[in-house]
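Protein chains in written order, with the working numbering: chain A, 4 to 116; chain B, 700 to 813.
Dropping the structure here:
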């Protein structure tokens, strides 16, 4: 059973606009969340993370929001650039599961110039 | 910079062959992981290891085994490859401690089993 879900397989956004990628999870024990970016034929690279003690974390153009009551997190990219076109995975882990991360199925973002 | 190196980017094997996928990391990380990535399924954990000679099953260990004889090296073994093991295999590592941070991934090994 998928504990981390990304319900949008793809998203297209115009350059300069905001990209919003969503992620839902079912396990209330998850307390650490990450976003990864993956280009074709490359491994995923870490983008941004958030701990459950926070509801927002910002790093340049990237902001992650966490809504624990809704078990939902989102990644905002502002402004979107063509180089942001990639597959984005969210991941979650829980203290009690040690270092096991659970990944979503990914959202393919296309930023149109 | 952390570097995770996977020995083969592309492999083509026949059904029934034994397949070794090698992974080496150079940052003295305690934890190492093997995932497979399939369309529509995301990344699924096969095995992980938090110390030399230690291994733990992930979500889909069937048909796979692993070896960690040295801290920097984590090998994934397909004892008898099958067509449903055609996939992208990703190795990752992370620093020690529970739930402490990010995974660093290798570039992946694309395995095709005919």
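A virtual CB, placed ideally from N, CA and C, is assigned to each residue, including glycine.
- Just measuring C-alpha positions, the residue of B/781, B/732, B/737 sitting nearest residue 772 of chain B is B/732.
- DSSP, read as helix, strand or coil, puts residue 86 of chain A in helix.
- Close to chain B, meaning a Cβ-Cβ distance shorter than 7 Å, is no residue of the stretch 74–88 of chain A at all.
- Counting only runs of at least 4 residues, the stretch 4–42 of chain A fully encloses no alpha helix (DSSP H) element at all.
- In the structure shown, residue 705 of chain B falls within a strand segment according to DSSP collapsed to helix, strand and coil.
- Runs of the beta strand (DSSP E) lying entirely within the stretch 705–746 of chain B, each at least 3 residues long, are 709–712, 718–724, 730–737 in chain order.
- A contact is defined here as three or more CB-CB pairs under 8 Å, and the stretch 711–724 of chain B fails this definition with respect to the stretch 750–763 of chain B.
- Contact between residue 55 of chain A and residue 35 of chain A is confirmed by a C-beta separation of about 7 Å, below the 8 Å threshold.
- 8 Å or more divides the Cβ of residue 45 of chain A from the Cβ of residue 114 of chain A.
- Interface annotation, residue 775 of chain B: not in contact with chain A, CB-CB separation never under 8 Å.
- If you check each beta-carbon in the stretch 775–791 of chain B against every beta-carbon of chain A, the ones closer than 7 Å belong to 789.
- Residue 786 of chain B is bridged by DSSP to B/810.
- In terms of Cα proximity to residue 96 of chain A, the closest of A/6, A/81, A/33 is A/33.
- Contact check between the stretch 77–86 of chain A and the stretch 22–30 of chain A: three or more CB pairs, one atom from each, fall below 8 Å, which counts as touching.
- When C-beta distances to chain A are compared with 9 Å, the residues of the stretch 747–773 of chain B below that value are 747, 749, 755, 757, 758, in chain order.
- Taking the beta carbon of residue 45 of chain A as reference, the chain B residues within 9 Å of it are 804, 806, 807, listed in sequence order.
- Annotation for residue 114 of chain A: the continuous beta strand (DSSP E) segment containing it runs 110–115.
- Exposed is the label assigned to residue 21 of chain A, since fewer than 16 other Cβ atoms lie within 10 Å of its Cβ.
- Distances from the CA of residue 66 of chain A to each of A/111, A/38, A/89 were compared; the closest alpha carbon is that of A/38.
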